[in-house]
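Asker:
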Amino acid sequence: MAKKAKPIKRKAAPKRSQAKRAQSKKKIAARRAAPARATKELKLSFGCGPYDRMGALWTGEVKPKGIALQFTRVEQPHALFDMVLDEGMFDAAEFGISTTIAHAESGNDEFVHLPVFPSKMFRHSYIFINRRGPIREPKDLAGRRIGCPTYPQVAAIWCRGHLMHEYGVDLSGVTWVQGSIDHAGGHGSGKRPAQLHKPVKIEKAPPDKSLQQLLIDGAIDAIVGASRPSMFGKHPDLVRIFADSRKEEQEFYKRTGIHPIMHDVVIRRGVYDKNPWIAESLYQACEEAKAKADKKLRYGGAQRVMLPWLAADVEEIDALFGSNPWAYGVEPNRKTLATLIDYMQEQGVIATKPKVDDLFVKV
Numbered sequence: 002m003a004k005k006a007k008p009i010k011r012k013a014a015p016k017r018s019q020a021k022r023a024q025s026k027k028k029i030a031a032r033r034a035a036p037a038r039a040t041k042e043l044k045l046s047f048g049c050g051p052y053d054r055m056g057a058l059w060t061g062e063v064k065p066k067g068i069a070l071q072f073t074r075v076e077q078p079h080a081l082f083d084m085v086l087d088e089g090m091f092d093a094a095e096f097g098i099s100t101t102i103a104h105a106e107s108g109n110d111e112f113v114h115l116p117v118f119p120s121k122m123f124r125h126s127y128i129f130i131n132r133r134g135p136i137r138e139p140k141d142l143a144g145r146r147i148g149c150p151t152y153p154q155v156a157a158i159w160c161r162g163h164l165m166h167e168y169g170v171d172l173s174g175v176t177w178v179q180g181s182i183d184h185a186g187g188h189g190s191g192k193r194p195a196q197l198h199k200p201v202k203i204e205k206a207p208p209d210k211s212l213q214q215l216l217i218d219g220a221i222d223a224i225v226g227a228s229r230p231s232m233f234g235k236h237p238d239l240v241r242i243f244a245d246s247r248k249e250e251q252e253f254y255k256r257t258g259i260h261p262i263m264h265d266v267v268i269r270r271g272v273y274d275k276n277p278w279i280a281e282s283l284y285q286a287c288e289e290a291k292a293k294a295d296k297k298l299r300y301g302g303a304q305r306v307m308l309p310w311l312a313a314d315v316e317e318i319d320a321l322f323g324s325n326p327w328a329y330g331v332e333p334n335r336k337t338l339a340t341l342i343d344y345m346q347e348q349g350v351i352a353t354k355p356k357v358d359d360l361f362v363k364v
């Protein structure tokens, strides 16, 4: 039987004293004012996914000023986040944006956050149903059992927000079944259980069943999350709730201007406090690497990517997004970030809403 999770009061991470904060700010200001004449580059370990927009950083084609970047490519985001949060790996890394917002809300200043967004993704195409089941349209999801890797996962937050605000779905009576989409067992390390601020019905998936198997069996009614079920396209009953999800996502962007952010980039506080200049250096290098990836994508002399209609796709993207389809920085992404903060509070992932301007260091 589903148990209602009681609201848990989040314990704020220990905050530094006002005196220590003031002292740290003085030191940072002094270092910023000092001439950057380092005779030796600072070694900085960096963990991130193998994205095209980061490619020039791992090949060394782009080098952050004053930094000897040691780039480690990690394929699975949840594995990377476990490395960063549970194992203390990397001086800087790709990071979940919902965790960034939760840290800002709770006062956890373990990391300094950069407005670099290596992962953005529309999520209408990541809501799956069983075509033989009872779901015919989004509103049919009210009161149902929906699988998700974890309730606070940012992809799941975006999916729920879309369903509620774009399609009027009442999710208050939904039971959320947590587990891995493709494999039996849980998602991630499980060392950071959700601390929710409103009653939410949450169950664990059976230990011997994946979410996709539960959906095929009819034990749940839908899946939302960050990845497609591996059986999608192979099992005839696994389908998207939106048959033309690309059109839904394009119309959503035309209405809202929102390109959902999944991840940002962080630097460990201790590393940053000793070398505050690295924030701007790393940010500028990420911008340069992204520009190089965009230029390569548009090269027409030979097909660089195994997408037969790539040129037409790029033209379509330009018509929809304009000249900067993957913007970094706060201002171009302010509405997207504010919307995610609204969704997180509405869904009980955070208790209060931090300000967008308090999320990132100035670069």
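The sequence shown begins at 2 in our numbering and counts up by one. Glycine included, each C-beta is placed from N, C-alpha and C at the ideal position.
Helix, strand or coil, according to DSSP, for Pro119 in the structure here?
Answerer: Numbered from its first residue, the sequence shown carries residue 119 at position 118. If DSSP states are grouped into helix, strand and coil, Pro119 belongs with the strands.
Asker: Reducing DSSP to helix, strand and coil, say where Thr353 ends up.
Answerer: Indexing the sequence shown from 1 puts residue 353 at position 352. Coil at Thr353, not helix or strand.
Asker: State the start and end residues of the unbroken beta strand (DSSP E) segment that holds Ile130.
Answerer: Taking the sequence shown and counting its residues from 1, the one referred to as residue 130 is at position 129. First-last of the beta strand (DSSP E) with Ile130: 128 to 131.
Asker: Quick check: is any heavy atom of the ligand SAH less than 6 Å from the C-beta of Arg146?
Answerer: What this structure holds is no ligand at all, so the ligand SAH is not there to describe.
Asker: Between the alpha carbons of Pro309 and Tyr127, how many angstroms are there, rounded?
Answerer: Locating residue 309 in the sequence shown gives position 308, where the first residue counts as 1. Locating residue 127 in the sequence shown gives position 126, where the first residue counts as 1. Rounded to the nearest angstrom, the two C-alpha atoms are 24 Å apart.
Asker: Please list the segments of the alpha helix (DSSP H) lying wholly inside the segment 68 to 99, counting only runs of 4 or more residues, in order along the chain.
Answerer: Listed in chain order, the complete alpha helix (DSSP H) runs (minimum 4 residues) inside the segment 68 to 99 are 78 to 87.
Asker: Return the first residue and the last residue of the beta strand (DSSP E) that Trp177 is part of.
Answerer: Residue 177 sits at position 176 when you count from the first residue of the sequence shown. 176 to 179 is the extent of the beta strand (DSSP E) around Trp177.
Asker: Using 10 angstroms around the beta-carbon of Thr60, count the other beta-carbons present and answer buried if the total reaches 16, otherwise exposed.
Answerer: For the purposes of this step, residue 60 is taken as residue 59 along the sequence shown, with counting starting at 1. Exposed: under 16 other Cβ atoms inside 10 Å.
Asker: Taking three-plus beta-carbon pairs below 8 Å as touching, is the segment 305 to 324 in contact with the segment 72 to 86?
Answerer: no
Asker: For Leu298, which of helix, strand or coil comes out of DSSP?
Answerer: In the sequence shown, counting from the first residue as 1, residue 298 sits at position 297. The answer is helix: DSSP assigns Leu298 an H, G or I state.
Asker: Determine contact between the segment 296 to 308 and the segment 119 to 138, defined as no fewer than three beta-carbon pairs at a distance below 8 Å.
Answerer: no
Asker: In terms of residue numbering, what span does the beta strand (DSSP E) encompassing Asp265 cover?
Answerer: Taking the first residue of the sequence shown as position 1, residue 265 is located at position 264. Unbroken beta strand (DSSP E) run through Asp265: 262 to 269.
Asker: Which residue spans inside the segment 303 to 342 form an unbroken alpha helix (DSSP H) run of at least 4?
Answerer: 311 to 322
Asker: In whole angstroms, what is the alpha-carbon distance linking Ala35 and Thr151?
Answerer: As a position in the sequence shown, residue 35 is number 34, starting the count at 1. As a position in the sequence shown, residue 151 is number 150, starting the count at 1. Because the pLDDT of Ala35 is 38, which lies under 50, any placement of that residue in the model is unreliable, and the question is left without a value.
Asker: Which residue from Asp209, His166, Leu216, Gly302 puts its Cα closest to that of Trp177?
Answerer: Residue 177 sits at position 176 when you count from the first residue of the sequence shown. Measuring from the Cα of Trp177, the nearest candidate turns out to be Leu216.
Asker: From Val350 to Ala286, what does the alpha carbon distance come to, in whole angstroms?
Answerer: For the purposes of this step, residue 350 is identified with residue 349 of the sequence shown, where counting begins at 1. For the purposes of this step, residue 286 is identified with residue 285 of the sequence shown, where counting begins at 1. In a straight line, the C-alpha of Val350 is about 33 Å away from that of Ala286.
Asker: Just the C-alpha distance for Phe47 and Asp358, rounded to the nearest angstrom, thanks.
Answerer: As a first step, residue 47 must be located in the sequence shown, where it is residue number 46. As a first step, residue 358 must be located in the sequence shown, where it is residue number 357. Phe47 and Asp358: Cα-Cα distance of roughly 25 Å.
Asker: What are the start and end residues of the beta strand (DSSP E) that includes Ile224?
Answerer: Locating residue 224 in the sequence shown gives position 223, where the first residue counts as 1. Start and end: 223 to 225.
Asker: With distances taken between CB atoms, is the gap from Ile102 to Met345 smaller than 7 Å?
Answerer: Locating residue 102 in the sequence shown gives position 101, counting from the first residue. Locating residue 345 in the sequence shown gives position 344, counting from the first residue. Contact: yes.
Asker: Does the Cβ-Cβ distance between Pro277 and Trp159 come in under 7 Å?
Answerer: On the sequence shown, position 276 is the one that residue 277 refers to. On the sequence shown, position 158 is the one that residue 159 refers to. No, these two residues do not count as a Cβ contact at 7 Å.
Asker: Quick check on the burial criterion: 16 or more other C-beta atoms within 10 angstroms. Buried or exposed for Lys235?
Answerer: The residue labelled residue 235 in the question sits at position 234 within the sequence shown. Exposed, since its Cβ has fewer than 16 Cβ neighbours within 10 Å.
Asker: Can you give me the start and stop residues for the alpha helix (DSSP H) that Phe253 sits inside?
Answerer: One-based indexing of the sequence shown puts residue 253 at position 252. Phe253 -> alpha helix (DSSP H) spans 246 to 257.
Asker: Within 10 Å of its beta-carbon, does Glu300 have 16 or more other beta-carbons around it, so buried, or fewer, so exposed?
Answerer: As a first step, residue 300 is located in the sequence shown; it is residue number 299 there, counting from the start. As written in the sequence, residue 300 is Tyr, which differs from the Glu given in the question. By the 16-neighbour rule on beta-carbons within 10 angstroms, Tyr300 is exposed.
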